[in-house]
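Engineer: Dropping a structure here in structure tokens format, bear with me for questions.
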Amino acid sequence: MYNGLSLDQAPPISAVMRFFLTVPLFGILLSLTVFFHPEAVLTPAHPLSLAVIHMMVLGVITMAMLGALFQMQSVLGGRPIPAASGNALIIHVFLTVGILSLSGAFAFGGAAMFIVAAVFLGSSILYTANLILPLLFGGVTHDTLRGMQLALISLSVTAIFGIVMASSYANSTFSTMHDAIRTSHYSLGLIGWIGTLIIAVAFQVIEMFYVTIPYSLWCKRNVFRVIAASLFLKVVWLFFAFPFVWIFDLTLGALFTGFIITTLKRLQLRKRRVSDVSIWFWYTGIALLYIAIMAYGAYEWGHYKPLLDISLIAFILFALSIILGMIGKIVPFLVWFHLNSNGIMDAPIMSNIIPQSRAKTLFSLFLLTSFSLLGGIFLLELFVVGAIAAAAMFALLFFNLINALKVYRFSLTHGLRFEQI
Amino acid sequence: MILLDTRELDHPVPLEMAVNAFKKLSGDEIVHMIHRREPIPLFEIIVKNGGRYLSVMEREDLWHIYFTRSSAVILEHNHV
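Chains U and W supply the protein sequences, listed in that same order.
Counted the way our numbering counts, the first sequence spans residues 361 to 781.
Counted the way our numbering counts, the second sequence spans residues 3 to 82.
Following this line, the structure appears as structure tokens:
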């Protein structure tokens, strides 16, 4: 029995929105890079390809996920983040400067920019982990919070490997361990950080948003242990150059396939089949994850290079699909919640804050982006179409976010307050 | 006692219904919300607007939440 949760659990709306508002800006920047240099972006290890990949995984995906972490921490009943506004500002500024420096360093060269990127990105990520991780340990019983622990630890180790690699690029000297470090860096970043956090979020939101049967307790308890063990052993295997490292990829592939099946089953069996754009994003994201796993498996088998491109692009689109769906749910909630907790009695309902028509258009643009970028691996012109669609999609996302904030500010100023009734 | 059973409703309908019910409360009225999870954000809205609440877990997927705007009325859970 509980009575009297502490006040001010939730961070201020600005703490979360500053991250979300930056997402489409990086999205537009990377879309323009793809539009003007499609061939370079599709060339492995090309500087522009590395710039675009880091703008995507840091500027879009990590930026959105850190914003969501600030919000989820309070909603899940964990201990609130201290001085959320100030800490969000510090993390956001350092992260943004770090991403711009890193992308600039890849695109234009320059040792100094790699060092600046390493300092800013490393400090923002390690500061975030140092801030949030202690709140997740000690009495944590929620499985989503356990997943967040693993995700943040993975992100921290990814950043440490990234700092080492940035110093290598800055000095143009690469150690014999460079390949092991690079593979560990992207394995931990893609699976340990992005994949883990999405599974952790799914455990919470699939049941809550769509009234499904819960995930099994065994699944919730053990999935993060399997991911942690597989990634740890994979890194050890890579550094000691042991054979059969693919066993850990196979384990992770099987685990993510299990996640796809169990999630699809829950969405299919949900009690009320209310149409919601966010659920379309979940279905599409799951389909893209399946494509990513199958393509990676086929690449490991046959070493046909386009399969690796398909796998990476599909995995990134999977994460983007879930992020777009979740931003469409979180932002209206934030506006509604902060208006109501400020005593605004005529706050708009959540479904009116981002109208369904605009949410559907965003989804259509995402579908067009996904098909075009995946097809673009075989036909370069389609990759350019994908860049245009992506730019339009991110522009619409920015418009939706700005309008939601306008609704918030207008209601906060002109709304009918509780004491006036 | 106003009963609000939101167990079968998709998010965010339960939250919106609960806040609407809270806005309409008068005197010693109490809302008894039955929900499948603890609606933590609701509590902040209630307390910041001068209300009080009691949250009781019957099972992991069955919660009873009582809330009122009255400072005098006693909130207690009677097994239903």
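Positions of the beta carbon are idealized from the N, C-alpha and C atoms, including for glycine.
Does LYS631/U come within less than 9 Å of chain W when only Cβ atoms are used?
Structural biologist: Here residue 631/U is taken as the residue at index 271 of the first sequence, counted from 1. Yes, LYS631/U lies at the interface with chain W (some Cβ there is under 9 Å from its Cβ).
Engineer: Can you pull the chain U residues whose beta carbon is under 7 Å from the beta carbon of VAL2/W, in chain order?
Structural biologist: There is no way to answer for residue 2/W, as the model of chain W reaches only from 3 to 82.
Engineer: Considering only DSSP beta bridges, list what MET59/W is partnered with.
Structural biologist: Stepping through the second sequence from its first residue, residue 59/W is reached at position 57. Answer is TRP65/W.
Engineer: What does the Cβ neighbour count give for MET3/W, buried or exposed, with the cut at 16 atoms within 10 Å?
Structural biologist: What you label residue 3/W is simply residue 1 of the second sequence in a count that begins at 1. Counting every other CB atom within 10 Å of its CB across the protein chains shown gives MET3/W a total below 16, marking it as exposed.
Engineer: Suppose you measure from the CA of ASN760/U to the CA of ILE388/U; what does that come to, to the nearest Å?
Structural biologist: In the first sequence, the residue the question calls residue 760/U occupies position 400. In the first sequence, the residue the question calls residue 388/U occupies position 28. ASN760/U and ILE388/U have their alpha carbons spaced roughly 15 Å apart.
Engineer: Taking DSSP's pairing of strands, which residues face HIS34/W in a bridge?
Structural biologist: Counting from one through the second sequence, the residue named residue 34/W turns up at place 32. Answer is LEU5/W, TYR68/W, bridged to HIS34/W.
Engineer: I'd like the list of long-range same chain contacts for VAL75/W, defined as Cβ closer than 7 Å, with 5 residues on each side in sequence excluded.
Structural biologist: Along the second sequence, one-based indexing puts residue 75/W at 73. Result list for VAL75/W: ASP30, ILE32, in chain order.
Engineer: Determine the closest residue to PHE521/U out of ILE541/U, ASP669/U, ARG506/U, with distance taken between C-alpha atoms.
Structural biologist: One-based indexing of the first sequence puts residue 521/U at position 161. Nearest C-alpha to PHE521/U: ILE541/U.
Engineer: Using the Cα positions of LYS720/U and VAL637/U, report the straight-line distance between them to the nearest angstrom.
Structural biologist: Against the first sequence, residue 720/U aligns to sequence position 360. Against the first sequence, residue 637/U aligns to sequence position 277. Their backbone Cα atoms lie some 6 Å apart in a straight line.
Engineer: Under three-state DSSP, which class holds ILE714/U?
Structural biologist: As a working mapping, residue 714/U is identified with position 354 in the first sequence. Coil.
Engineer: Under 9 Å between the Cβ atoms of LEU722/U and LEU684/U?
Structural biologist: By one-based count along the first sequence, residue 722/U stands at place 362. By one-based count along the first sequence, residue 684/U stands at place 324. Yes, the pair counts as a contact, with Cβ atoms nearer than the cut-off.
Engineer: Pick helix, strand or coil for ILE704/U, following the three-state DSSP scheme.
Structural biologist: Residue 704/U sits at position 344 when you count from the first residue of the first sequence. DSSP places ILE704/U in strand when its eight states are reduced to three.
Engineer: I'd like the span of the alpha helix (DSSP H) that includes ASN51/W, first residue to last.
Structural biologist: Your numbering for residue 51/W matches position 49 in the second sequence. Premise fails: ASN51/W is in no alpha helix (DSSP H) and is neither H nor E.
Engineer: ASP7/W CB to nearest chain U CB: under 9 Å?
Structural biologist: Within the second sequence, residue 7/W is the residue found at index 5, counting from 1. It does not; no Cβ of chain U falls within 9 Å.
Engineer: Is DSSP giving ARG585/U helix, strand or coil here?
Structural biologist: Counted from its first residue, the first sequence places residue 585/U at position 225. Here ARG585/U sits in helix by DSSP.
Engineer: For my contact list, ALA707/U and GLY645/U are in at a C-beta cut-off of 8 Å; report their separation, rounded to the angstrom.
Structural biologist: The residue you call residue 707/U lines up with position 347 of the first sequence. The residue you call residue 645/U lines up with position 285 of the first sequence. Between the beta-carbon of ALA707/U and that of GLY645/U there is about 30 Å, and that puts the pair past the 8 Å contact cut.
Engineer: Going along the chain, which residues of its own chain have a beta-carbon closer than 6 Å to the beta-carbon of GLY348/U, five neighbours each way excluded?
Structural biologist: With chain U covering 361 to 781 only, the question about residue 348/U has no answer from this structure.
Engineer: Based on the DSSP secondary-structure assignment, which residues constitute the bridge partners of ARG777/U?
Structural biologist: The count along the first sequence starts at 1 and reaches residue 777/U at position 417. Paired residue(s): ILE704/U.
Engineer: How about the region 573–586 of chain U and the region 520–534 of chain U: do they share at least three Cβ pairs that are nearer than 8 Å?
Structural biologist: no
Engineer: Tell me, please, whether the region 694–711 of chain U touches the region 665–683 of chain U by the rule of three or more beta-carbon pairs shorter than 8 Å.
Structural biologist: no
Engineer: If you measure beta-carbon to beta-carbon, which residues of the region 444–469 of chain U are closer than 7 Å to chain W?
Structural biologist: Within the region 444–469 of chain U, no residue qualifies.
Engineer: Where GLY552/U and LYS50/W are concerned, what is the direct C-alpha to C-alpha distance, given to the nearest angstrom?
Structural biologist: Stepping through the first sequence from its first residue, residue 552/U is reached at position 192. Stepping through the second sequence from its first residue, residue 50/W is reached at position 48. For GLY552/U and LYS50/W, the distance between alpha carbons rounds to 38 Å.
Engineer: Are GLU40/W and MET59/W closer than 9 Å when you measure CB to CB?
Structural biologist: The count along the second sequence starts at 1 and reaches residue 40/W at position 38. The count along the second sequence starts at 1 and reaches residue 59/W at position 57. For GLU40/W and MET59/W, yes; Cβs fall inside 9 Å.
Engineer: Give the interface partners of VAL21/W over in chain U, defined as CB-CB distance under 7 Å, in chain order.
Structural biologist: Start at 1 with the first residue of the second sequence, and residue 21/W comes out as number 19. Neighbours of VAL21/W on chain U, chain order: ASN700.
Engineer: Under a Cβ-count criterion, where at least 16 other Cβ atoms within 10 Å of its own Cβ denotes burial, should TRP661/U be classed as buried or exposed?
Structural biologist: Along the first sequence, one-based indexing puts residue 661/U at 301. Per the 10 Å Cβ criterion, exposed.
Engineer: Among the residues of its own chain, which have a CB less than 7 Å from the CB of MET473/U, if the five just before and after it don't count?
Structural biologist: Taking the first residue of the first sequence as 1, we reach residue 473/U at position 113. Cβ within range, chain order: SER461, GLY464, ALA465.
Engineer: Return no unless some Cβ of chain W is closer than 9 Å to the Cβ of ILE709/U.
Structural biologist: Your numbering for residue 709/U matches position 349 in the first sequence. Yes, contact with chain W.
Engineer: Given this structure, state the Cα-to-Cα distance separating SER366/U from ILE653/U, to the nearest angstrom.
Structural biologist: Along the first sequence, read from residue 1 onward, the residue named residue 366/U stands at position 6. Along the first sequence, read from residue 1 onward, the residue named residue 653/U stands at position 293. Since pLDDT at SER366/U reaches only 42, below the 50 mark, its modelled position is unreliable, and the value read off the structure follows with that caveat. Roughly 43 Å separates the two Cα atoms.
Engineer: For VAL691/U, go through chain W and note every residue whose CB falls closer than 7 Å to its CB, in chain order.
Structural biologist: Working through the first sequence from its first residue, we reach residue 691/U at position 331. Within 7 Å Cβ-Cβ: nothing; VAL691/U doesn't reach chain W, min ~12 Å.
Engineer: In three-state terms, what does DSSP make of ILE709/U?
Structural biologist: The residue labelled residue 709/U in the question sits at position 349 within the first sequence. DSSP places ILE709/U in coil when its eight states are reduced to three.
Engineer: Using the C-alpha atoms, what's the distance from ALA511/U back to ILE554/U?
Structural biologist: Locating residue 554/U in the first sequence gives position 194, where the first residue counts as 1. Locating residue 511/U in the first sequence gives position 151, where the first residue counts as 1. Taking the straight line joining both Cα atoms gives about 7 Å.
Engineer: Quick one: what does DSSP say ARG39/W is sitting in, helix, strand or coil?
Structural biologist: Position 37 of the second sequence holds residue 39/W. Residue state, collapsed to three classes: coil.
Engineer: For ARG71/W and PHE569/U, what's the separation of their Cα atoms in angstroms?
Structural biologist: Taking the second sequence and counting its residues from 1, the one referred to as residue 71/W is at position 69. Taking the first sequence and counting its residues from 1, the one referred to as residue 569/U is at position 209. C-alpha separation (whole angstroms): 28 Å.
Engineer: Return no unless some Cβ of chain U is closer than 9 Å to the Cβ of LEU11/W.
Structural biologist: Taking the second sequence and counting its residues from 1, one reaches residue 11/W at position 9. Chain U, which has a Cβ nearer than 9 Å to the Cβ of LEU11/W, makes this yes.
Engineer: Could you list the residues in the region 42–55 of chain W with a C-beta less than 8 Å from some C-beta on chain U, going in chain order?
Structural biologist: ILE42, PRO43, PHE45, GLU46, ILE47, VAL49, LYS50, ASN51, GLY52, TYR55
Engineer: Tell me, please, whether the CB atom of TRP696/U is closer than 9 Å to any CB atom in chain W?
Structural biologist: By one-based count along the first sequence, residue 696/U stands at place 336. By this cut-off, TRP696/U is an interface position.
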